[in-house]
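Q:
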Amino acid sequence: ETWGCGRALQTAAFEYTAAAFAYPFKRVFALLYRSIEETEIEAHPESRFFVKTITYRHETRSIIEDSVYAPIAATVRRLAAKARKLQSGNVHSYLFYILVALLALVLFAK
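Residue numbers for the sequence shown follow my numbering, beginning at -13 and rising by one.
1) How is Lys38 classed by DSSP in three states: helix, strand or coil?
2) Would you mind stating whether Tyr19 and Ser48 have Cβ atoms separated by less than 8 Å?
3) In whole angstroms, give me the CA-to-CA distance for Val86 and Leu65.
4) For Ala29, which option in Ser21, Glu23, Ile22, Ile40 has the closest C-alpha, if you only look at C-alpha atoms?
5) Starting from His99, follow its DSSP beta bridges and name the residues at the other end.
6) Whose CA, out of Ala(-2), Thr46, Tyr42, Glu1, lies closest to the CA of Phe11?
7) Please report the straight-line C-alpha distance between Ser21 and Val92, rounded to a whole angstrom.
8) When the distance is taken between beta carbons, is Arg(-7) closer than 8 Å to Glu24?
9) Look at the Cβ atom of Val37, then the Cβ atom of Ile50, and state whether they are nearer than 8 Å.
10) Does Arg13 come out as helix, strand or coil in the three-state DSSP assignment?
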């Protein structure tokens, strides 16, 4: 089988996961993606040599997202909140806006 790499029995243990594929990229771009990893190990109450639970948490924060996209999104949200006041849902208001825009275009075209 072509995708079996010559193995007769291919199992899930032989597969290359997305996390394994992305790991080299994460290391190269570590400065752009601030990685936070936390591992919590809770020992069994009777003996510290026996593990009760292991909790692993991984979070990635992008510098570009925090410094570029977030301020742009906040500005768009503020502008949308101001524009929401213009949208009353009243057809007469919308017709008035169109009339004002047409008058402005006529005056500007002269």
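Don't be surprised by glycine CBs; every beta carbon is placed ideally from N, CA and C.
A: Per the coordinate set shown:
1) DSSP places Lys38 in strand when its eight states are reduced to three.
2) yes
3) 21 Å
4) Scanning Ser21, Glu23, Ile22, Ile40 for the CA closest to the CA of Ala29 turns up Ile40.
5) Nothing about residue 99 can be read from this structure; the chain reaches only from -13 to 96.
6) Thr46
7) When only Cα atoms are considered, Ser21 and Val92 end up about 56 Å apart.
8) no
9) No, these two residues do not count as a Cβ contact at 8 Å.
10) helix
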